[in-house]
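Going letter by letter, the sequence shown gives residues 1046 to 1465 in my numbering. To start, the structure itself, in structure tokens.
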Amino acid sequence: MADYNEKLAIEGGKPVREAGLPSSYPGASLYGEEEARAASEVIKRKSPFRYYGFDVANKVKEFEKTFSEKIGSKHALGVTSGTASLIVAMKALGIGPGDKVIVPANTFEATPGAVIIAGAIPVFADADESMNIDPNEIDRLADKYTKAVIPVHILGNPCQMDKIMSIAGKHKLAVIEDNAQSCGLKYKGRYAGTFGDAGCFSLQINKIITTGDGGVVTTDSEKVYERAVRYHDQGMYREKEGFLSMNEEDDIFVGQNYRMSEISGAVALEQLKKLDYITGTMRRIKYMIKDGIKDIDGIKFRRINDEEGDAGSTLFMMLPGKDLAKRFIEALNAENVSCGSLYGGMPVYMMPHILKQRTVDKNGYPFNQLEEKVTYHAGMCPYIENELPKNVCIFLNPLLTDKDAEDIAHGIKKVAKHLL
Ligand SMILES: *Cc1c(COP(=O)(O)O)cnc(C)c1O
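Here's what the structure looks like:
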């Protein structure tokens, strides 16, 4: 029987585990011969560019087709990053200067950052007990300038997409799902990224499947897809017109370059085959741990909006207070149960460059585009400001075994016994 009264490792006792948990790079941790072979095929064909070369293998195209079939969207477009996917989606939907976009206060800086780079102004929505956007916040924040909302599925927990779609619909807002963190996540049986007007995914190394950097935009709309293709490729739609359209009747405009390389496409295709295994394994491990610690007084969990759809990437615990959470994290890490605090417990708008609206452009562009100045301040989203500092997160990965799950639960119980 485990003895939870043993001296804490942080006080010189014996740690529960001899070594820390494997780093949480879920997709990269399963890199193997498959990815190596796929990438080297592209190199051997000397054709790393998706649209032409010596002998193009059409890996990006195949990845896009497989991805859209897998998640159930009509179209998928490979891009260079999750941030690029957000910018491309916004531009495809016609969002830019003079517009406001609602984003959650609990997210990675790329979400508001992409809005600002797209020329629009982010306004921040508070969270509910799921630590995702509170759908009612959309009602509170929407005004005549608001054009879109970006719900973010934080750490494998789906947003309440039914409520969000209905409230957004009432205000005629476009919905862009930021699913950068949670590829493979479902809500009520349907894949996240297929509810809104567009879905955005990241293939960066911290995310569930990875090519190092990369991203995907999904949509069911022909028009949004066509505009996304043009925006991501200098205004061109090569598969339709061969090259830049000279026809002014077409929806032509100046674009960017966010094209995915064939090497990324080849690796992404192999990673996609491992997606179900990755999420399935992480989910099983997560619920084993959760079950093992369910009776501890003083540890609460964020509400999971659909446990069956959970991507399983993170065990998100909530402690009674901020200082306690900090001490808990130190003590649990000393037990070699690696853990951390999501976003340092801070809503994204408290980051100084966002709070102070420091942009790269002149005269505070795009914040100078609205007559009514939008400002940010501490206290803006009280729920997340109070609750986020109390988080303790364990970031999971598909290499974890049942024994690891037992160790993690053991470590949490031991630290809880002493600190809670
Ligand atoms: C990682 C992340 C992004 C950005 O993805 P990159 O591929 O790193 O550009 C966007 N939104 C969220 C919520 C993220 O976690």
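Virtual Cβ for every residue (Gly too), placed ideally from N, Cα, C.
Check the Cα spacing between S1069 and each of Y1322, K1252, E1294, R1403: the tightest is with K1252.
Per DSSP, N1050 is not a residue of any beta strand (DSSP E), being assigned neither H nor E. Each of V1146, A1165, N1202 was checked against the Cα of E1182, and the nearest Cα belongs to V1146. L1400: not part of any beta strand (DSSP E); member of the alpha helix (DSSP H) spanning 1397–1400, first to last residue. When secondary structure is reduced to three states using DSSP, I1195 falls in the coil class, being assigned neither helix nor strand. Judged by beta-carbon spacing, N1431 lies beyond the 8 Å limit of A1370, meaning their Cβ atoms are not closer than that value. Counting only the Cα atoms, I1374 lies some 13 Å from P1365. Using a Cβ-Cβ distance cut-off of 8 Å, the stretch 1272–1289 and the stretch 1130–1137 are in contact, since at least three pairs of beta carbons, one from each stretch, lie closer than that value.
Spanning the alpha carbons of K1192 and A1311 requires a straight line of approximately 36 Å.
Contact between T1125 and D1258 holds: their C-beta atoms lie close to 6 Å from each other, under 8 Å. Ranked by Cα distance from I1341, the options D1100, I1457, M1206, Y1096 are led by I1457. Between T1404 and L1415, the alpha-carbon positions lie close to 15 Å from each other. Judged by the Cβ position, V1160 fails to qualify as a neighbour of ligand 1 at the 7 Å threshold, every heavy atom of the ligand being at least this far. Between K1231 and P1196, the gap from beta carbon to beta carbon reaches 8 Å or more.
Close CB contacts of S1290 within its chain, under the 6 Å cut and outside five residues either way in sequence, are with I1297 (chain order). The C-alpha of L1433 lies about 12 Å from the C-alpha of D1368. Proximity to I1439 across M1333, I1344, V1382 peaks at V1382, based on C-alpha coordinates.
A direct Cα-Cα distance of roughly 7 Å separates I1162 from I1132.
Not one heavy atom of ligand 1 is found less than 7 Å from the C-beta of S1358.
In this structure the stretch 1447–1457 touches the stretch 1324–1337; the number of beta carbon pairs closer than 8 Å is three or more. In terms of side-chain proximity, the C-beta atom of Q1301 is found no nearer than 7 Å to any non-hydrogen atom of ligand 1. Taking a 10 Å sphere around the C-beta of K1217, we find fewer than 16 other C-beta atoms and assign the residue as exposed. L1200 carries a helical assignment under DSSP once its states are collapsed to helix, strand and coil. In the three-state DSSP reduction, P1167 falls in the strand class (E or B). Here H1277 carries a helix assignment [DSSP, helix/strand/coil]. The stretch 1232–1252 and the stretch 1068–1087 touch, with three or more beta-carbon pairs separated by less than 8 Å. The residue among M1281, L1122, S1092, G1201 with its C-alpha nearest the C-alpha of A1243 is L1122.
In this structure the stretch 1303–1310 lies against the stretch 1102–1109, because at least three pairs of beta carbons, one per stretch, are closer than 8 Å.
Here F1112 really is in contact with V1261; their C-beta atoms are around 6 Å apart, less than 8 Å.
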